[in-house]
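Undergrad: Structure provided below as structure tokens; questions to follow.
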Amino acid sequence: MWIGLLHHVTGEHEWSLDACQHDPLLSDREKDWIQKGSTPHKALSDIILSERWLKEVPKYLKF
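Right, dumping it as structure tokens:
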């Protein structure tokens, strides 16, 4: 689930192993997507893929 967020923020809502669970997005969306491989995307990847975060996130999901 969390790893899918790395796809979602780039505007990719279906990928080889899964897909976003939200309804279709409006085509007139005004917000920009984060570019895959950009500095912000790499920073987000570092957080989401960190061993510590992946270990701790289940605790937050139960809150």
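Numbering (this note's numbering), first residue to last: 81 to 143. Where a beta carbon is used, it is the ideal one built from N, C-alpha and C, also for glycine.
To which residues of the same chain is Leu-105 closer than 8 Å at the C-beta, ignoring the five residues directly before and after it?
TA: Reading the sequence shown from its first residue, position 25 is the one you call residue 105. If we look at Leu-105 and ignore the five residues flanking it on each side, its Cβ neighbours are His-93.
Undergrad: Span of the alpha helix (DSSP H) holding Lys-135?
TA: For the purposes of this step, residue 135 is taken as the residue at position 55 of the sequence shown. Taken as a continuous stretch (DSSP letters only), the alpha helix (DSSP H) holding Lys-135 covers 131-141.
Undergrad: Go to Lys-122, then tell me how far its alpha helix (DSSP H) extends in each direction, as first and last residue.
TA: Residue 122 sits at position 42 when you count from the first residue of the sequence shown. Counting along the chain, the alpha helix (DSSP H) containing Lys-122 begins and ends at 119-128.
Undergrad: Rounding to the nearest angstrom, what Cα-Cα distance links Ala-123 and Val-137 in this structure?
TA: Here residue 123 refers to the residue found at position 43 of the sequence shown. Here residue 137 refers to the residue found at position 57 of the sequence shown. So the alpha carbons of these two residues sit roughly 18 Å apart.
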